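Colleague: In the numbering used here, the protein residues as written are 69 to 421.
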């Protein structure tokens, strides 16, 4: 991590510690904590870190933004920070200025079919749009007459349904019924649905890696405090074995997520990025499944209660697995890519990173 990235990560962590402590948020009776948190993130420039200065953003590096995403994952923050970062990146790639406030992004599913005509009118549906009722604008990548087009749409101009993911965060279907975009521009060469899904998968992998780090910390601390048969349960061999497995899964997730973030941050967008991103989403999702299970095993029934913070992390881990392609989807696509290249190309591709 560079010195700049370390400063950015420290800034983000300090904001979340002050305004989004998991225990404080868990005990809150309403969502009043969200506005101060968002305002602070916005004032610090973290929400538009991936947007150049000329387009209204902070002009931070891609590496800096990934550090912010990972910190947000450590706090399981129920705010559209990752989505706004992604939306800002997509808009800036097409030279479109980002508006103030929260944004979300579409599509986040391979099956979504969005089209836009030469006049900037969108049609189609986007499913499971994260925070699709709380953002002010949507950055969309749609199929235009001559190729992919990036469009900025005001949320008030579309028809979102009510829907939530496992964690209770908004995840909705949005119908674009002949909606006129506020701004639209042809996507640059190389920016297509696959590249957007790959970057989305990379962002979710880093969020999950951050959340797993907190699950490990919570579970280790609890095992040292919980006493059974007159000694901490961390002294029992079965619990020690589970904690070691959880630590291993967390380390694997952090390594995979960090590697793909570094790949994209260094401008690598060819098959090496596909291999890294698909592999990271698969491995981190597997770690999320195993890690959440171990965390709840160690905590017992208490981890499922509303009063305990563990569920804030595990439910989001389970939800984030499905965004921007789940592990099964990416495994199929990765297998097809490798099969198409042939056996002789596999090792050079793997060894290239």
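Every residue, glycine too, gets a C-beta built ideally from N, C-alpha and C.
Every value quoted in this text rests on a predicted model; they were computed, and no experiment measured them.
Could you name the residues of the same chain whose beta carbon sits closer than 7 angstroms to that of residue 79, not counting the 5 residues immediately before and after it, in chain order?
Modeller: Excluding sequence neighbours, residue 79 sits near 112.
Colleague: Just to confirm before moving on: does the CB-CB distance between residue 171 and residue 219 stay below 7 angstroms?
Modeller: No. Outside cutoff.
Colleague: Quick check for students: name the residue ranges of the alpha helix (DSSP H) that lie wholly in the segment 273 to 344, counting only runs of 4 or more.
Modeller: Within the segment 273 to 344, the complete alpha helix (DSSP H) runs of at least 4 residues are 305 to 333.
Colleague: Per the DSSP calculation, residue 189 is bridged to which residue(s)?
Modeller: For residue 189, which the question treats as bridged, DSSP gives the partners 248.
Colleague: Is it buried or exposed for residue 415, if we count other Cβ within 10 angstroms and need 16 for buried?
Modeller: Result: exposed.
Colleague: Within a Cβ cutoff of 7 angstroms, which residues of the same chain sit near residue 284, ignoring the five residues on either side of it in sequence?
Modeller: Closer than 7 angstroms at the Cβ level, and outside the excluded window around residue 284, lie 314, 315, 318.
Colleague: Compute the Euclidean distance between the alpha carbons of residue 256 and residue 338, then round it to the nearest angstrom.
Modeller: Each residue's Cα considered, the two are about 15 angstroms apart.
Colleague: Here's a check: name, in chain order, each residue in its chain whose Cβ is nearer than 7 angstroms to the Cβ of residue 354, leaving out the five neighbours to either side.
Modeller: Correct list, in chain order: 395.
Colleague: What is the DSSP secondary structure of residue 128, counted as helix, strand or coil?
Modeller: Residue 128 falls in the coil class under three-state DSSP.
Colleague: Short check: CB of residue 243 to CB of residue 227, under 7 angstroms?
Modeller: Yes. Within cutoff.
Colleague: Looking at residue 402 and residue 425, is the spacing between their C-beta atoms short of 7 angstroms?
Modeller: Because the chain spans 69 through 421 in this model, residue 425 falls outside it and cannot be assessed.
Colleague: Is it buried or exposed for residue 331, if we count other Cβ within 10 angstroms and need 16 for buried?
Modeller: Per the 10 Å Cβ criterion, buried.
Colleague: So, helix, strand or coil for residue 89, using DSSP?
Modeller: Three-state DSSP puts residue 89 in coil, outside helix and strand.
Colleague: Could you tell me the alpha carbon to alpha carbon distance between residue 328 and residue 87, rounded to whole angstroms?
Modeller: When rounded, the distance between both Cα atoms is 29 angstroms.
Colleague: Rank 238, 364, 183, 215 by C-alpha distance to the C-alpha of residue 145 and give the top, closest one.
Modeller: For residue 145, the nearest C-alpha among the options comes from 238.
Colleague: So which of 324, 297, 174 has the shortest CA-CA distance to residue 348?
Modeller: Of the candidates 324, 297, 174, the one whose C-alpha sits nearest the C-alpha of residue 348 is 324.
Colleague: Thinking residue 287 and residue 368 are a contact (beta carbons under 8 angstroms), I'd like their distance in whole angstroms, please.
Modeller: Going by Cβ atoms, the distance from residue 287 to residue 368 rounds to 11 angstroms, so no, they are not a contact pair.
Colleague: Under three-state DSSP, which class holds residue 225?
Modeller: In the structure shown, residue 225 sits in a helix (DSSP, three-state: H, G or I).
Colleague: Would residue 389 be called buried (16 or more neighbouring beta carbons within 10 Å of its own) or exposed?
Modeller: By the neighbour-count rule (16 or more Cβ atoms within 10 Å), residue 389 is buried.
Colleague: From this set, 222, 196, 383, which residue's C-alpha is nearest residue 393's C-alpha?
Modeller: The shortest Cα separation from residue 393 among 222, 196, 383 belongs to 196.
Colleague: Select from 400, 248, 215 the residue whose C-alpha is nearest the C-alpha of residue 223.
Modeller: That would be 248, whose Cα lies nearest to the Cα of residue 223.
Colleague: Which first and last residues belong to the beta strand (DSSP E) in which residue 376 is found?
Modeller: Here residue 376 belongs to no beta strand (DSSP E), and DSSP marks it neither H nor E.
Colleague: What three-state label does DSSP hand residue 265 in the structure shown?
Modeller: Correct three-state label for residue 265: helix.
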